[in-house]
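Those sequence lines, one after another, are chains A and V.
Number 10 in the numbering used here belongs to position 10 of the first sequence; there are no gaps in the numbering.
Number 117 in the numbering used here belongs to position 107 of the second sequence; there are no gaps in the numbering.
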Amino acid sequence: SPKESKHDEL
Amino acid sequence: MNIFRILGDVSHLLAMIILLVKIWRSKSCAGISGKSQVLFAIVFTSRYLDLFTNFFSIYNTVMKFVFLMCAYITVYLIYGKFRKTFDNENDSFRLEFLLIPVTGLSFLENQSFTPLEILWTFSIYLESVAILPQLFMISKTGEAETITTHYLFFLGLYHALYLANWIWRYQTENYYDQIAVVSGVVQTIFYCDFFYLYVTKVLKGKKLSLP
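In structure tokens:
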């Protein structure tokens, strides 16, 4: 999900 | 992960290593804004709390840990080990001018009103302005050591590459995060003036000094 996805970025 | 993202992360890491090596080799943090470095330590701390709640990949975990370590070691070198060389006089940017609006905005404009999301949003907003004390210091003293400009160049390059990453992700995954993108554009704009000076002066072997 987008909400997870952004936390994968640094 | 796309090429822009990985190059962005490498630039970010390189920037932090350049700064640490500069301070360590010269045993001096002259010309470095301690306030900007404290802000970056706050940025990483508030953003990477998800280290305790979520696991994404080994890369993700290791990089977050390394970024946190670099930020805290830098702050320690400036305010601890080499504090006698720290130019407190010229590091006079008023942090409340950044922290108060950023805190307020992160409560008002976030994806969901939960502690972790608010802290994540806070970290994104804060990162976009965290370099201002450093740029303010350079404009006040009118000059920067060449190595400091290399640090700023790689930090700015990281932001620019992340913008390319988001464009790529929007095209390929239809993914974008408005908060990150708007903040990313804002912070990249802050570096434009510096990029111009870097290309026209530093890359031609001159020291960065303002008229």
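Just so it is clear, CB atoms sit at the ideal spot from N, CA and C, and this is done for glycine as well.
Predicted model, so just to flag it, every value in this text is computed and none were measured.
Residues, ordered as in the chain, of the segment 164–195 of chain V that lie near chain A by beta-carbon distance below 7 Å: Y185, D187 and A190
Interface residues of chain A facing M26(V) [CB-CB closer than 9 Å]: Residue numbering aside, residue 26(V) sits at position 16 when the second sequence is read from its first letter. In chain order: nothing, as chain A lies at least about 12 Å away.
K74(V) versus L59(V) - alpha carbon distance: If you number the second sequence from 1, residue 74(V) lands on position 64. If you number the second sequence from 1, residue 59(V) lands on position 49. The straight-line gap from Cα to Cα measures roughly 10 Å.
Identified DSSP bridge partners for A154(V): In the second sequence, counting from the first residue as 1, residue 154(V) sits at position 144. DSSP output for A154(V) lists L218(V) as bridge partner(s).
Min CB distance F73(V) to chain A below 7 Å: Taking the first residue of the second sequence as 1, we reach residue 73(V) at position 63. A small fix is needed here, since residue 73(V) is Met in this sequence, not Phe. Closer than 7 Å: yes.
Contact list for N64(V) against chain A, beta-carbon separation under 7 Å: On the second sequence, position 54 is the one that residue 64(V) refers to. What N64(V) touches in chain A: H7.
Beta carbon proximity, D19(V) to chain A, threshold 7 Å: If you number the second sequence from 1, residue 19(V) lands on position 9. Yes, D19(V) counts as interfacial toward chain A.
Touching by the beta-carbon criterion (3+ pairs, under 8 Å), the segment 13–20 of chain V and the segment 168–186 of chain V: yes
Residue from T158(V), V196(V) and Q188(V) with nearest C-alpha to Y208(V): Within the second sequence, the letter at position 198 stands for residue 208(V). Ranking T158(V), V196(V) and Q188(V) by Cα distance to Y208(V) puts T158(V) first.
Cβ pair count under 8 Å reaching 3, the segment 141–151 of chain V against the segment 191–205 of chain V: yes
Close-in-space but distant-in-sequence residues of the same chain around F117(V) (CB under 7 Å, 5 per side omitted): Numbered from its first residue, the second sequence carries residue 117(V) at position 107. For F117(V), where only same-chain residues beyond five positions count, the Cβ hits under 7 Å are I128.
Chain A contact residues for N98(V), given Cβ-Cβ distances below 8 Å: Taking the second sequence and counting its residues from 1, one reaches residue 98(V) at position 88. Those do not exist, as N98(V) stays about 31 Å from chain A at its closest Cβ, beyond 8 Å.
R179(V) versus S43(V): straight-line alpha-carbon distance, rounded: The residue you call residue 179(V) lines up with position 169 of the second sequence. The residue you call residue 43(V) lines up with position 33 of the second sequence. Between R179(V) and S43(V), the C-alpha separation is close to 34 Å.
Buried or exposed by the 16-neighbour rule on C-beta atoms within 10 Å, applied to K45(V): Indexing the second sequence from 1 puts residue 45(V) at position 35. Buried, because 16 or more other Cβ atoms sit within 10 Å of the Cβ of K45(V).
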